[in-house]
Every structure is written in C-alpha cells, then in structure tokens.
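Novice: First the structure, which I've put down as structure tokens, then a few questions once you've had a look.
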Amino acid sequence: VLEDGSIQLLLQAVPDSDAGILTITIKGIPSTWTVTGEGTYNPATQTWTITVGGGQTFTGGPIVTPPADSDVDLTGLIFTVTELDPFTGQTGTATATIDVIVDAVADPAEITTQDTTAVEDTAADVIFNGAAGDKDGSEVVVKYVVSGVPDGFNLSAGTKLPDGTYELTPNEIQGLKLN
C-alpha cells in the first residue's frame, strides 16, 4: 500500500460443513491505523472480527489505512479462521500470517515567500523558505528551482540553467539577491 493510501485485507473462507459458522479474526492491527468496512475492530486488542453462519462462504476483509505520512510496515498480522459445526459442536481452525508493506510517497514541499522592495541600481533581497511536506523527518528539501527571473537580471547564487531557471541548494537561498 502507498503511504496515505488504503488496502483491503482480502481473504476467502469456505466452511467444510453445510451449516458451518465461521469466525474470522485478524490480530495485530495497531490502533494508530484506521480500520473500516464490514466486521468489528477493537483497537484495545488490535483485533478485527467477523462471524458468518449457515454454511456461507466469506469473501472480504477490513480496509486498513496507515497513520498519515507514515511508511511504517504492518508486519506479523495473524489471520485466523475458526469453523464451528453447530450440529456436532466440532471446531476447526486455520491460521496464516501476512505483512502489509507501506511504500513511502513524497509529499509536496511547502514554500513561503516574502515581498521585497529595493532602491534603483541596488540588489533586492529574495526571501523565501521551504520545508518538506512530510513532518516525520523522512523527507528533506534538496534543491529549489526559481523561474521567472526577468531578462537582464541575475540571482546572486545558484546555477543558471539553459532554460533560464536557477537551481539552488538550501544553503544558497540564505542571503539571496536579485541583481
């Protein structure tokens, strides 16, 4: 699943008996995750449960969403299906373990600017700051691209590219001037 996305933990369970009652649980879903869809989720026990009866096949499962801006994987989920035959009282259980891998997604950077003025024939301060959109420290701003510098003007730092834009490192935006 992609960071800030959702995925259905899909499973299919078929009872052995015509009247079998299936109880399906998934254990190990942290309370920091959002759990939606059919069934019941108990964040205190980190367990999702659903029961189907009358020999019905179950196809489905909860939809889980990791916490915002998190790419922490969900490992060691325990799926358990228990069938109860209501006529004989016999039960049978099957268990499997799965992992949900969360792939990081770069969030849009945030940028703030400040208007500035200058006296004719003097350099104007160019003031802006940027920050990674993700606040968990997994992303950093590595460069800025400035466009729209008027003909005849230059920035005091950065690299002017053939298309007229300037590429700057985070250190180069400090004290930046428009000459």
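Each residue of the sequence shown is one higher than the one before, counting from 14 in this note's numbering.
Beta carbons are placed, not taken as given, at the ideal position from N, Cα and C, and that holds for glycine.
(1) Going by C-alpha to C-alpha distance, which of A136, Q69, G165, F141 sits closest to D31?
(2) Return the chain-ordered list of same chain residues with a C-beta closer than 7 Å to the C-beta of P56, the five sequence neighbours on each side being excluded.
(3) Check whether the segment 128-136 and the segment 72-90 are in contact - that is, three or more C-beta pairs closer than 8 Å.
(4) Is the segment 98-107 touching the segment 156-170 in the sense that three or more CB pairs, one from each, lie closer than 8 Å?
(5) Would DSSP call I114 helix, strand or coil?
(6) Mapping DSSP to helix, strand and coil, what is N192?
(7) Give me the Cα-Cα distance between L181 and S19, rounded to the nearest whole angstrom.
(8) Span of the beta strand (DSSP E) holding F141?
(9) Checking contacts by CB at 8 Å: is Q21 closer than that to chain D?
(10) Under the rule that 16 or more other beta-carbon atoms within 10 Å means buried, what is E16, buried or exposed?
(11) With G177 as the anchor, note down where its beta strand (DSSP E) starts and where it stops.
(12) By the 10 Å Cβ neighbour count, where 16 or more other Cβ atoms means buried, how is G33 classified, buried or exposed?
(13) How is E51 classed by DSSP in three states: helix, strand or coil?
Specialist: A quick look at the data gives this:
(1) Q69
(2) S44
(3) no
(4) No, because fewer than three Cβ pairs between the segment 156-170 and the segment 98-107 fall closer than 8 Å, the two stretches do not touch.
(5) Note: I114 maps to coil in three-state DSSP.
(6) coil
(7) 36 Å
(8) 140-144
(9) Here there is only one protein chain, and chain D is not present.
(10) Looking at its Cβ environment, which holds 16 or more other Cβ atoms inside 10 Å, E16 is buried.
(11) Neither: G177 is in no beta strand (DSSP E) and is coded neither H nor E.
(12) buried
(13) coil
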